[in-house]
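Engineer:
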Amino acid sequence: MTFKKHIPNLITLLNLLSGTIAVLFAVHNELVMAAYLVFLGIILDFFDGFAARILNVQGELGKQLDSLADVVTSGVVPGIVMYQLLFNAVHKQWLDNLSCEIGNWITFDQYHLHWIPFVGLIITLAAAYRLAKFNIDERQTSSFIGLPTPAAALVVLSLPLILTFSSNGFANSMISNVWFLIAITVLISYLMNAEIPLFSLKFKDYSWKSNKVKFIFIALTVVLSVLLQFVAIPLVIAMYILISLVTKK
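Here the working numbering is used: the first residue of the sequence shown is 22, the next is one more, and so on.
(1) How far does the alpha helix (DSSP H) with residue 218 in it extend, from its first residue to its last?
(2) Within its chain, find whatever has a CB closer than 8 Å to the CB of residue 249; leave out the 5 residues flanking it on each side and keep chain order.
(3) Mind the definition here: the stretch 47–61 touches the stretch 79–90 only if three or more C-beta pairs lie below 8 Å; say whether that holds.
(4) Taking just the CA atoms, how far does residue 166 sit from residue 238?
(5) Taking only three categories from DSSP, how would you classify residue 188?
(6) Let me know the secondary structure DSSP gives residue 67 once reduced to three states.
(7) Identify whether residue 165 lies in helix, strand or coil by the three-state DSSP scheme.
(8) Evaluate residue 74 with the Cβ neighbour count: other Cβ atoms within 10 Å of its Cβ, from every protein chain shown; 16 or more gives buried, anything less gives exposed.
(9) Considering residue 29, what are the terminal residues of the alpha helix (DSSP H) in which it resides?
(10) Between the stretch 63–73 and the stretch 187–197, can you find at least three pairs of beta-carbon atoms closer than 8 Å?
(11) Under DSSP, the alpha helix (DSSP H) around residue 238 begins and ends at which residues?
(12) Which residues bound the alpha helix (DSSP H) around residue 255?
(13) Can you list, in chain order, the residues of its chain whose CB lies under 8 Å from that of residue 65, leaving out five sequence neighbours each side?
(14) Along the alpha helix (DSSP H) that carries residue 210, what are the first and last residues, could you check?
(15) Excluding the 5 residues flanking residue 50 on each side, which residues of the same chain have their C-beta closer than 7 Å to its C-beta?
(16) Do residue 110 and residue 202 count as a contact pair if the criterion is CB distance below 8 Å?
(17) Thinking residue 47 and residue 98 are a contact (beta carbons under 8 Å), I'd like their distance in whole angstroms, please.
(18) Would you mind stating whether residue 220 and residue 243 have Cβ atoms separated by less than 8 Å?
(19) For a test of the three-state rule: what should DSSP assign to residue 84, helix, strand or coil?
(20) How is the alpha helix (DSSP H) around residue 146 delimited, first residue to last?
And the structure:
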């Protein structure tokens with residue numbers, strides 16, 4: 022067995038390692054570092070498939086290992102990050118209402134057992150379910166049905182980056198709102214498993230005629246990223262879904 026057969030799997034394992042380290046940071050509420058590690062894992066997730074195609078060593082083991090790594094990097098980490106965002110948002114909401122009679126509010130110690138932040142873990146469940154379906158769905162060879170887990174992860178992991186680095190007051194206030202975060206959780210979880218056809222960024226050739234939609238999408242992504250930085254990430258994913266729906270045959 023030649024070494025080249027192991028190269029894609031080694032890249033996949035690096036993706037898993039990035040995701041595992043990201044879990045540790047996310048649990049300790051170090052969400053920015055968790056986001057960077059997930060971004061690294063998503064890049065590695067792209068290159069393991071690319072390497073497998075270039076080296077012509079695609080196989081069932083790589084397919085299963087890729088999904089297992091994605092469950093962690095694009096499933097477990099976003100779920101924990103959303104848990105932390107909800108935890109912080111609920112805490113902030115209660116601190117803002119400290120002027121109310123203390124007897125009307127749950128105490129800080131009791132707050133740690135509050136159920137609302139656990140809603141964020143629905144993302145983890147939805148991602149695992151999507152990846153299991155993807156492995157047995159023969160329709161998703163050249164396109165996707167439902168939002169890919171890395172794209173969903175990008176949306177969730179962009180939220181702490183926007184809070185930390187963006188001066189957009191409206192965006193920051195929305196991300197600090199409990200109900201907005203719950204809505205994002207439900208929407209992302211639904212989109213990952215919805216019967217919505219979405220184009221893939223895999224290229225069979227690089228002609229304009231065959232890849233017009235992909236080239237336009239990439240160009241718009243670059244422009245939005247330069248103009249809006251981290252705020253662009255959820256907008257790009259929304260644009261990806263919209264373009265897919267408009268151009269589907």
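Note that CB positions come from ideal geometry on N, CA and C, so glycine has one too.
In this text, all values refer to a predicted model and were calculated from it rather than measured experimentally.
Structural biologist: So, to answer that:
(1) As a working mapping, residue 218 is identified with position 197 in the sequence shown. Under the DSSP assignment, residue 218 falls outside any alpha helix (DSSP H), being part of the beta strand (DSSP E) whose first and last residues are 218–220.
(2) In the sequence shown, counting from the first residue as 1, residue 249 sits at position 228. Correct list, in chain order: 256.
(3) By the Cβ test, the stretch 47–61 is not in contact with the stretch 79–90, since fewer than three Cβ pairs between them sit closer than 8 Å.
(4) Taking the sequence shown and counting its residues from 1, one reaches residue 238 at position 217. Taking the sequence shown and counting its residues from 1, one reaches residue 166 at position 145. The straight-line gap from Cα to Cα measures roughly 18 Å.
(5) The residue given as residue 188 occupies position 167 in the sequence shown. Reduced to three states, the DSSP call for residue 188 is coil.
(6) Position 46 of the sequence shown holds residue 67. In the three-state DSSP reduction, residue 67 falls in the helix class (H, G or I).
(7) As a first step, residue 165 is located in the sequence shown; it is residue number 144 there, counting from the start. Strand.
(8) As a first step, residue 74 is located in the sequence shown; it is residue number 53 there, counting from the start. That one is exposed.
(9) Taking the first residue of the sequence shown as 1, we reach residue 29 at position 8. 28–48 is the span of the alpha helix (DSSP H), which, as asked, contains residue 29.
(10) Between the stretch 187–197 and the stretch 63–73, the count of Cβ pairs shorter than 8 Å is below three; the stretches do not touch.
(11) The sequence position of residue 238 within the sequence shown is 217, counting from 1. Looking at the DSSP string, the run of the alpha helix (DSSP H) that includes residue 238 is 229–249.
(12) In the sequence shown, the residue the question calls residue 255 occupies position 234. The continuous alpha helix (DSSP H) containing residue 255 extends over residues 253–268.
(13) Within the sequence shown, the letter at position 44 stands for residue 65. If we look at residue 65 and ignore the five residues flanking it on each side, its Cβ neighbours are 32, 33, 35, 36 and 39.
(14) Indexing the sequence shown from 1 puts residue 210 at position 189. It spans 199–214 - the alpha helix (DSSP H) in which residue 210 sits, taken as one unbroken run.
(15) Within the sequence shown, numbered from 1, the residue matching residue 50 stands at position 29. The answer, listed in chain order, is 105.
(16) To locate residue 202, count along the sequence shown from 1; it is residue 181. To locate residue 110, count along the sequence shown from 1; it is residue 89. The answer is yes: Cβ separation under 8 Å.
(17) Numbered from its first residue, the sequence shown carries residue 47 at position 26. Numbered from its first residue, the sequence shown carries residue 98 at position 77. Confirmed, Cβ separation roughly 6 Å.
(18) Looking up residue 220 in the sequence shown gives position 199. Looking up residue 243 in the sequence shown gives position 222. At the C-beta level, residue 220 and residue 243 stay beyond 8 Å of one another.
(19) Translated into positions along the sequence shown, residue 84 becomes position 63. Here residue 84 sits in helix by DSSP.
(20) Counting from one through the sequence shown, the residue named residue 146 turns up at place 125. For residue 146, the enclosing alpha helix (DSSP H) stretches over residues 143–157.
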